[in-house]
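For the sequence shown, position 120 matches number 405 in our numbering, and the numbering has no gaps at all.
First the structure, in the form of structure tokens, and then the observations on it.
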Amino acid sequence: MSLAICKPRIRSTAEIGDLIFGFGGVQLENRLIYIAQVSDKLRDGQYYREGQFSTRPDCIYRYEGGKYIAKNGRKFHTSSEDISRDLGPPPDYKDANVLISNDFRYFGGGKSIDWEAHHNIHKRLMTLTRGACGKSR
């Protein structure tokens, strides 16, 4: 699983070993979509420059001529302002960080788990604020 777009604050502050709890928006009833432990953090646009990630749905930019360009046919972030929101403004692109997880549980697509009934998850979530990272240690 990768987190390459959206949540630039989380992508900038999360480190290897942190837990991420992903919730859907209001249209998804704010339900828990996934829990992931960060396995790797790719910085400085590495995700968009390496071919191994180029076919992933959230790899919607490519690096060309010293700048990032939005790929044609992307399903997400289709506005011209999205590059700056996702990666940060040029020339630094300070938010071009991508989180990779090899240890995650995906609950999306259907009804979410009742996370409030799971004591350890509930306890952890009640100590966090929106956009905060959960240290798994």
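All C-beta atoms, glycine included, are put in the ideal place defined by N, C-alpha and C.
In the three-state scheme derived from DSSP, where H, G and I count as helix and E and B as strand, D388 is classed as strand.
Looking at the DSSP output, A321 shares a beta bridge with I305, F389. Boundaries of the alpha helix (DSSP H) around I295: 293-298. DSSP, reduced to helix, strand and coil, places Y353 within a strand of the structure shown.
Shortest Cα-Cα distance from P376 to any of G351, G307, A299, F392 involves G351. Exposure of R390 is indicated by the presence of fewer than 16 other C-beta atoms within 10 angstroms of its C-beta. Around the beta carbon of D388, fewer than 16 other beta carbons lie within 10 angstroms, which makes this residue exposed. Residue state for R359 is assigned as coil, using DSSP reduced to three classes. A direct Cα-Cα distance of roughly 16 Å separates I295 from Y332. By the CB criterion at 8 Å, R328 and N382 fall inside the cutoff. Ranked by Cα distance from Y353, the options L372, G393, R359 are led by L372.
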